[in-house]
Amino acid sequence: MSFLKNATRVTPRFSLAAKNAVARRAMASAARPAPKTPVDPKAAGPMLKYQANLPKLPVPALGGTLQKYLQSVRPLLDDAEYKKTEQAVKDFEAPGGFGQKLQERLLARFNDPSVVNWMEDWWLDQAYMGYRDPVVIYVSYFFLYKDDKLRKSPAQRAAAITTAALEFKKQVVDKTLSIEMAKGEPMCMDSYKYMFNNCRMPKKPSDYEAIFDPVKNNHVVVLRKNKFYVVDTFHNGKQLSTNELQHQFQRIIDQAGSSKGLPIGVLTSDNRDRWTEYRERLVAANPDNARYLEKVESSDFVICLDDQKPVTRDEGSRACWHGDGRNRFFDKPLQFIVYENGKAGFMGEHSCMDGTATCRLNEYVCDGLNRDKINHGDVEVRSDLPNPEELKFHVNDTITKDIQSAESNFDQLIAKHDLTVLSYQSYGKNLIKKFKCSPDGFTQMVIQLAYYKMFGTSRPTYESAQTRKFQRGRTETARTVTTESVAFVKAMEDPHLDNQSKIAAFRAALKTQGAYMADAVNGHGVDRHFFGLKNCIQAGEEKPELFTQPVHAYSSHWYLSTSQLSSEHFDGYGWGQVVNDGFGCAYMIKGNALQFNVASVKDLEVHGTKYVNGTHHFKQCLEDAANDLRDLLNTEVESEAKL
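The sequence shown begins at 1 in full-length UniProt numbering and counts up by one.
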């Protein structure tokens with residue numbers, strides 16, 4: 001979940017209340033202590049002023065990680081299995097043993113002055129670039145926007161989104177984008193260099209990221225009816241206004257007509273090795289094709305003008321998640337999608353950028369447009385704007401067959417997957433805080449309870465924890481299932497247990513979840529440390545029993561893959577499941593609502609049992625769990641009110 005040029009930004013119009021709010025924030029900022037991280041006087045710009053001095057991602061103490069691992073697998077094992085795992089841990093940790101040797105190798109990598117982040121290269125290759133399945137479904141993610149009440153036509157809405165995104169790009173390229181902070185300390189801003197004018201490139205055995213000059217490349221690529229068009233964002237040295245972009249986009253809609261072109265873009269939806277071969281044949285077919293591909297790959301971003309008209313959240317989410325696969329270029333880190341009925345959303349390619357960066361971009365776009373903070377430029381449209389250039393790829397019979405093959409593979413892939421959205425309107429963050437709970441921890445317990453309601457057991461759960469407080473940090477796993485969480489879900493489903501006992505079990509589970517999350521964001525989780533240790537095993541060396549036991553694979557088989565990104569401007573956010581017997585469960589915590597995006601294979605089978613309409617069943621269990629937890633904690637609030 002992947003720099004710049006843009007137009008001058010005018011000062012936003014503020015009401016008196018808004019000015020007062022700005023003044024209050026400025027006073028609060030002045031009162032806030034300065035970060036402990038030193039400023040780099042040689043930084044390329046304000047955005048990077050702390051970057052060189054951020055701490056390095058740590059290598060946790062081996063003993064601490066092993067104890068955390070044992071705690072995480074305890075609720076998954078019976079006593080006999082747990083004793084075997086304990087013994088494997090003891091053998092691995094023994095003085096002078098293999099575990100100590102691997103730890104020393106990993107520490108040597110950490111201490112290598114040429115290595116900024118010990119995990120970075122390994123993770124990029126093994127989690128993303130070396131991964132050969134299609135990026136669509138398995139890697140990419142999406143945001144579905146709320147409707148824009150002012151902009152109903154696709155050209156109009158696409159133009160406004162483009163202007164706002166270009167304004168954000170300018171801040172990234174000029175390195176003036178404000179630094180994200182967490183608990184008063186700066187976050188790594190390095191991943192923003194992969195946001196604009198970038199593209200994932202197919203290659204065997206591992207893909208790579210191509211970065212293009214953001215100053216020299218000032219164009220967006222627009223897809224309409226599967227056809228590719230180039231729109232230069234500057235003309236005679238001046239950036240196109242929103243009205244001028246709308247004019248150009250409408251030209252494309254008119255020029256594309258009603259007939260669909262041969263969908264070159266669908267080639268990017270296939271297995272990465274097949275796409276590598278497709279691309280080689282496409283380039284070999286005609287020299288123009290290489291130039292056309294580079295135009296797409298070097299663009300600021302892609303605008304997809306779809307002819308679909310999604311209405312429901314489920315329809316809109318599926319349209320953003322994958323669409324029909326034809327009117328896309330899935331290797332681009334940024335694709336803004338606008339539909340025939342004016343609905344819109346975003347699709348991100350995940351390899352070099354996690355969702356926090358693109359969430360910020362999309363929040364900037366949506367919030368800026370909603371609050372009229374974007375400089376749209378001149379109203380008048382210049383009469384000498386050149387027509388957008390259509391990239392007319394040259395194809396032969398072989399490429400036509402490649403396209404047909406990619407279309408067939410895509411259609412089969414999509415037909416196997418299901419997605420549904422629960423927009424839970426009964427309460428959100430505001431009430432959860434009244435319950436004196438972490439909103440994220442609370443929602444994780446809703447998910448755990450829902451899973452237990454559906455399956456009668458708890459299974460390994462992944463929650464994404466960002467490690468951007470470290471140089472080039474990305475994510476760590478927060479393992480949600482604990483002895484305490486299992487006790488909680490069992491207590492909730494026990495009709496004979498009193499509310500006070502259930503609340504105590506809930507609070508204990510919440511505390512453990514919060515503690516693990518805190519460790520994870522500080523680089524002290526289990527999974528990335530184990531990942532590093534395994535990468536230190538050299539050719540010819542046998543894997544230790546700790547890494548070959550069935551529980552090791554089982555404990556990271558994510559039956560629930562979960563993550564939170566929240567925006568009041570989004571109507572959906574999600575991705576696919578990571579295992580075929582599990583769910584992808586993306587969630588948003590809004591002020592007065594919770595939203596869950598549930599994805600899985602259609603014919604869900606878990607441990608030999610088939611669950612027809614499994615995504616919809618889990619959706620109902622989420623609603624029931626959210627209701628149950630609210631009702632339970634309301635009894636606590638009511639009893640406190642009587643005192």
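C-beta atoms are modelled at their ideal positions from N, C-alpha and C, and glycine is treated no differently.
- Each of Trp575, Met119, Ala515, Ala155 was checked against the Cα of Val222, and the nearest Cα belongs to Ala155.
- Asp628 and His617 have their alpha carbons spaced roughly 16 Å apart.
- Nearest in C-alpha terms to Lys453, of all of Gly525, Ala491, Leu267, is Ala491.
- Here Ser114 carries a coil assignment [DSSP, helix/strand/coil].
- By the Cβ rule, the segment 482-496 counts as touching the segment 447-462, because three or more pairs are nearer than 8 Å.
- Here the alpha carbons of Glu349 and Lys84 stand approximately 41 Å from one another.
- Under the 10 Å beta carbon count, Gly591 is surrounded by fewer than 16 other beta carbons and is classified as exposed.
- The residue from Ile447, Ile211, Lys343, Asp112 with its alpha-carbon nearest to that of Arg157 is Lys343.
- For Asn198, the beta-bridge partners assigned by DSSP are Ile211.
- In the three-state scheme derived from DSSP, where H, G and I count as helix and E and B as strand, Ser405 is classed as helix.
- If you look at Asp603, you'll find it isn't in any alpha helix (DSSP H); it sits in the beta strand (DSSP E) that goes 603-606.
- Shown here for Asp397: not one same chain residue has a beta carbon closer than 7 Å to its own, the five before and five after excluded.
- Leu76 and Val606 do not touch by the CB rule: their CB atoms are close to 15 Å apart, not below 8 Å.
- Using a 10 angstroms sphere on the CB of Val446, the tally of other CB atoms reaches 16 or more, which defines it as buried.
- Per DSSP, reduced to three states, the secondary structure at Gln51 is helical.
- Burial state of His529 is buried, judged by a 10 Å Cβ sphere holding 16 or more other Cβ atoms.
- In this structure, Asp331 sits near Cys199, with a CB-CB distance shorter than 7 Å.
- Less than 7 Å separates the beta-carbon of Cys536 from that of Leu106.
- Beta bridge pairing from DSSP links Gln577 with no other residue.
- The secondary-structure analysis by DSSP pairs Gln412 with nothing; it has no beta-bridge partner.
- DSSP places Phe249 in the uninterrupted alpha helix (DSSP H) bounded by 242-256.
- The beta carbon of Lys203 sits closer than 7 Å to those of Thr276, all from its chain and outside the five residues before and after it, given in chain order.
- In the pairwise beta carbon analysis, the segment 299-308 is classified as touching the segment 321-337: at least three pairs are separated by under 8 Å.
- Secondary structure in the segment 275-358: the beta strand (DSSP E) runs of 3 residues or longer, each lying completely within the stretch, are 302-305, 334-338, 344-348 in chain order.
- Rounded to the nearest angstrom, the gap between the Cα atoms of Tyr145 and His322 is 15 Å.
- Bounds of the alpha helix (DSSP H) holding Gly64 are 62-73.
- Less than 7 Å separates the beta-carbon of Gln335 from that of Met347.
- In the structure shown, the three-state DSSP call for His557 is coil.
- Annotated three-state conformation of Asn430 is helix, per DSSP.
- Membership of Gln466 in the beta strand (DSSP E) is indicated by the continuous run 461-466.
- Taking the C-beta atoms as reference points, Thr482 is found no nearer than 7 Å to Glu476.
- Annotation for Thr176: no alpha helix (DSSP H) segment contains it, and DSSP assigns it neither H nor E.
- Here Asn289 really is in contact with His394; their C-beta atoms are around 6 Å apart, less than 8 Å.
- Distances from the CA of Thr358 to each of Tyr573, Asp254, Lys183, Glu407 were compared; the closest alpha carbon is that of Tyr573.
- Secondary structure note for Ile589: its beta strand (DSSP E) is the uninterrupted segment 583-589.
- Its chain contains Val489, Met492, Ala625 as the residues whose beta carbon lies nearer than 6 Å to that of Leu449, once the 5 sequence neighbours on both sides are disregarded; these appear in chain order.
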